[in-house]
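Student:
Residue numbers (the numbering used here), protein chains in the order written: chain Y, 1 to 115; chain G, 116 to 228.
1. Distance check for residue 111 of chain Y and residue 165 of chain Y, CA to CA, integer angstroms please.
2. With 8 angstroms set as the bound, which would you pick, yes or no: does the beta-carbon of residue 219 of chain G sit closer than that to a beta-carbon of chain Y?
3. For residue 172 of chain G, which residues of its own chain have a beta-carbon under 6 angstroms away from its beta-carbon, when the five flanking residues on both sides are left out?
4. On the criterion of 16 or more Cβ atoms from any shown chain inside 10 Å, does residue 41 of chain Y qualify as buried, or is it exposed?
5. Given that residue 126 of chain G touches chain Y, what residues does it touch there, using C-beta distances under 7 angstroms?
6. Going by beta carbon distance, what residues of the same chain come within less than 7 angstroms of residue 109 of chain Y, once the five residues before and after it are set aside?
7. Three-state secondary structure (DSSP) at residue 30 of chain Y?
8. Expressed to the nearest angstrom, what Euclidean distance is found between the alpha-carbon atoms of residue 61 of chain Y and residue 219 of chain G?
9. With 8 angstroms set as the bound, which would you pick, yes or no: does the beta-carbon of residue 190 of chain G sit closer than that to a beta-carbon of chain Y?
10. Cβ closer than 9 angstroms: which chain Y residues qualify as neighbours of residue 174 of chain G?
11. What residues of chain G sit near residue 109 of chain Y, judged by a beta carbon separation below 8 angstroms?
12. Taking Cβ-Cβ distances shorter than 7 angstroms, what residues in chain Y pair up with residue 149 of chain G?
13. If I'm right that residue 76 of chain Y touches residue 20 of chain Y with Cβ under 8 angstroms, what's the distance once you round it to whole angstroms?
14. Can you list, in chain order, the residues of the segment 54-70 of chain Y whose Cβ is nearer than 9 angstroms to any Cβ on chain G?
15. Flag residue 21 of chain Y as yes if its beta-carbon sits less than 8 angstroms from any beta-carbon of chain G, otherwise no.
16. Going by DSSP, name the residue or residues bridged to residue 89 of chain Y.
17. Report all residues from its chain with a CB closer than 7 angstroms to the CB of residue 154 of chain G; omit the five preceding and five following residues, and keep chain order.
18. Could you give the C-beta distance for residue 17 of chain Y and residue 113 of chain Y, rounded to a whole number, given that I count them as a contact under 8 angstroms?
This is the structure in structure tokens:
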């Protein structure tokens, strides 16, 4: 596609429910990243996928968080048993190598509110 | 791992003045330093980047400088305009691979008309 697409754009869920957030990266981008941005805060790294390699999950805050990337394209971030502190904007980015560096293109994010 | 610190957290300038945002990083292996601009409610967008083989890069009213010895880099915006008002994030990471960038905490820039 022309850009990184994320869905839904907004999600309100009850505490304890599971949610799935979707990211459709730019076609041909081999790297895909998930970041979390809490209100007024910076970008917190969650997980990174590169091609068919095992993902780098070092940023996931707890085992309630998981992500997969099917066929090297679309990725789904799943949060189980959501808590109020999970409320944030979840940003996905994809990148490809350009001139020796990887410039990210971000999606518009999913604003998750846990009530 | 990498640690990026960004200052100031908020910055107000008069229209037409210059704005400078500074970042430091900890990992000497980092050699790619992008800057992102995030307008209210929108996605972060890359505005300029620099790699460690250069010390300065300019693009119209914005410039980035890098001091690899001191491990710090800065964003300079000249002749600021109200549309420059946004949150700016610096980041650091290794080039040549797709490993994740580490972001600073952001600077809220307000340009006063």
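Don't be surprised by glycine CBs; every beta carbon is placed ideally from N, CA and C.
Since we're looking at a predicted model, the values are computed, not measured.
Tutor: Quick look at the numbers:
1. Because chain Y spans 1 through 115 in this model, residue 165 of chain Y falls outside it and cannot be assessed.
2. yes
3. 165, 179
4. exposed
5. Near residue 126 of chain G there are no residues of chain Y at all, since even the closest Cβ is about 15 angstroms away, more than 7 angstroms.
6. 6, 89, 90, 91
7. coil
8. Distance between the alpha carbons of residue 61 of chain Y and residue 219 of chain G: 19 angstroms.
9. No, because no Cβ of chain Y sits closer than 8 angstroms to the Cβ of residue 190 of chain G.
10. Correct list: empty, because the minimum Cβ distance to chain Y is about 14 angstroms.
11. 158
12. From the beta-carbon of residue 149 of chain G, the residues of chain Y found nearer than 7 angstroms are 103.
13. 5 angstroms
14. 56, 58, 59
15. no
16. Y:37, Y:111
17. 201
18. In fact, because the Cβ distance is near 12 angstroms, the residues do not count as touching under 8 angstroms.
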